[in-house]
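So the mapping is simple: our numbering equals the position in the sequence shown, first residue as 1, plus 786.
Here's the structure, in structure tokens; my notes come after.
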Amino acid sequence: MSGPLDLSLTEAVGATKSGGISTSELVRAYLARIARWNDTYHVFLDVLEESATRRARELEQLSAEEREALPLYGAPIAIKDNLVLDRGSTTAGSRILEGYHAPYAATVVERLERAGAVVLGKANLDEFAMGSSTEHSAYGPTLNPWDPARVPGGSSGGSAAAVAARLGLAALGSDTGGSIRQPAAYCGVVGLLPTYGRVSRYGLIAFASSLDQVGPITRTVDDAAALLAVIAGFDPRDQTSLHEPPPAVFPEASVKGLRLGVLSSYPDGMDPVVRAALEQTMRALQDAGAHLVPVELPEPTRALAAYYVIAPAEASSNLSRYDGVRYGLRKDAEGLYALYDETRAAGFGTEVKNRVMLGTFALSAGYYDAYYGRAMAVRKTIAEGYDRIFGQVDALLCPTTPDLPFRLGERLADPWRMYLSDLYTVSFNLAGLPALSVPTGLHSGLPTAVQVAGPRLSETLLFRIGRAIESVAPPMPAPDLKEGGAA
Ligand code: GLN
787 MSGPLDLSLT EAVGATKSGG ISTSELVRAY LARIARWNDT YHVFLDVLEE
837 SATRRARELE QLSAEEREAL PLYGAPIAIK DNLVLDRGST TAGSRILEGY
887 HAPYAATVVE RLERAGAVVL GKANLDEFAM GSSTEHSAYG PTLNPWDPAR
937 VPGGSSGGSA AAVAARLGLA ALGSDTGGSI RQPAAYCGVV GLLPTYGRVS
987 RYGLIAFASS LDQVGPITRT VDDAAALLAV IAGFDPRDQT SLHEPPPAVF
1037 PEASVKGLRL GVLSSYPDGM DPVVRAALEQ TMRALQDAGA HLVPVELPEP
1087 TRALAAYYVI APAEASSNLS RYDGVRYGLR KDAEGLYALY DETRAAGFGT
1137 EVKNRVMLGT FALSAGYYDA YYGRAMAVRK TIAEGYDRIF GQVDALLCPT
1187 TPDLPFRLGE RLADPWRMYL SDLYTVSFNL AGLPALSVPT GLHSGLPTAV
1237 QVAGPRLSET LLFRIGRAIE SVAPPMPAPD LKEGGAA
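In structure tokens form, the structure reads like this:
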């Protein structure tokens, strides 16, 4: 396959601006591919064909000067379905929001559209972004474009699969404990968790507010930088938003002289293929002039335990708003409490219910200190641990996930095994630090990836290292989509 769908975001915007391809042609090419493959791979929950087509035509009416001012002119983009939009449906992958139409658009989407992007549709996700495989979507799983018998990761599985499968030029995801980076790794694309507060959460359906961040999922590191430059920046509608200008768009690629932290040991259960890919990248960066410094991650297993107390605790509070009165689903029942009970029993899936119960328990009188208090203490230790590490090194190189994309159904009965795929991602959310996942090639047809993390607001440095990783990794081909999937 080659043609408009193979252009990266940066290339496509160049082509639409110069008139090499019209915005309508580009959008039409994506919509046609979505029409061909979405039923099989189940990437989008809602395809906004009409509004995307209209928007592409409107963009064509702009003068050359007006086009030039739009950094994402004509770029067709997928949006995770936990970002609200003033058209189409917004479900967050849950039955409880089935048929819900939001009255406004999230700040990030507004900024994308103001920059000339075209929203193609709402991408599938685990219900309320709780999961690592997209199998917890109430509307059925997304399939991995590299192997339809495997998961695309999660919770932003639809966004990552869209970008990998050429059903979107780029996408937005959200990351609370790994939900951008883990699916990006499993789908062979780039994913960035920005510094906490860098990107507005206004209009992102809240899961765990002290951890949630919106970020880009793209084919290249430059594309991620281009998207971040548009969505980042202060927003008065998000109280945790930072007064920081968006980071620079075109970072250099050299790692010469940089001190890169690398793991001095690996926990059990790490896939040898993932380890080999990481070590190969380490050697290549060393050859390119980086100094590798062995470091120890602050408490990876306790980070996971702390995350699975803090995130459910915040979720139990955030999800109390779905009560059958204000949004979406409402069950007929006798009296207010029965209405709450029946609506929530019917509207939430098992994983969401488990987490609401776990979180409510962790916050309840008598248990608060033992669970939530301890988890918050671990969170503080982790943040201090990273402060120390980033006193010694410029950035840290580690796996994104300990494993390769697993088979559909394989981990549904064993939540802890499912949670383990977040082993290397959660601690950066707990510490509020930025982290970038970059693909490093294919092994037996499945993508491998590495993660680069840095101190607060170091996104430009991460892009620079990410570019260097791209330059030493083999180029990622497009996956060969097939009919089929889970048997
Ligand atoms: N997989 C993790 C979870 O299930 C992270 C989810 C996320 O980042 N939204 O909570």
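Glycine residues also receive a C-beta, built at the ideal position from the N, C-alpha and C atoms.
Values in this document were obtained by computation on a predicted structure and should not be read as measured data.
Three-state secondary structure (DSSP) of K1268: coil
Assumed close pair V1007, L1046 - CB separation to whole angstroms, cut-off 8 Å: V1007 to L1046, Cβ: 16 Å. No contact.
Residue of E836, F1192, L1219 minimising C-alpha distance to L1206: F1192
Paired residues, beta bridge with W1077 - DSSP: It should be noted that the sequence gives His, not Trp, for residue 1077. In the DSSP output, where bridge partners are listed per residue, H1077 has R1045.
Start and end residues, beta strand (DSSP E) containing L898: Note, L898: premise wrong, no beta strand (DSSP E); alpha helix (DSSP H) at 893-900.
Those residues which DSSP pairs with S960 across a bridge: V1000
Runs of alpha helix (DSSP H) lying entirely within the stretch 1106-1187, each at least 4 residues, in chain order: 1122-1133, 1136-1149, 1160-1178
Beta bridge counterpart(s) of G907 as assigned by DSSP: V833, A864
Cβ-Cβ distance between G1001 and P969 below 7 Å: no
C-alpha gap between A1012 and T796, whole angstroms: 8 Å
Where L1247 falls, given that 16 or more other Cβ within 10 Å makes a residue buried: buried
Minimum C-alpha distance to Y1126 - residue among D1073, G1110, N1215, S986: G1110
Opposing strand residues paired with G977 [DSSP bridges]: I1003, S1223
For R841, the residue or residues it bridges with in DSSP: Looking at the DSSP assignment, R841 forms no beta bridge with any residue, so it has no partner.
Counted within 10 angstroms of its Cβ, other Cβ atoms place S849 as buried (16 or more) or exposed: exposed
Any non-hydrogen atom of ligand 1 closer than 6 Å to M916 Cβ: yes
Status (buried if at least 16 other CB within 10 Å, exposed otherwise) for A892: buried
Beta-carbon contacts of R967 that lie in its chain and below 7 Å, excluding the five residues immediately before and after: D961, G977, L979, T1186, T1211, A1221, S1223, Q1237
Q968 (DSSP reduced to helix, strand or coil): helix
Environment of A1235 [buried if 16+ CB atoms lie within 10 Å]: buried
Distance, V1179 Cα to S995 Cα: 29 Å
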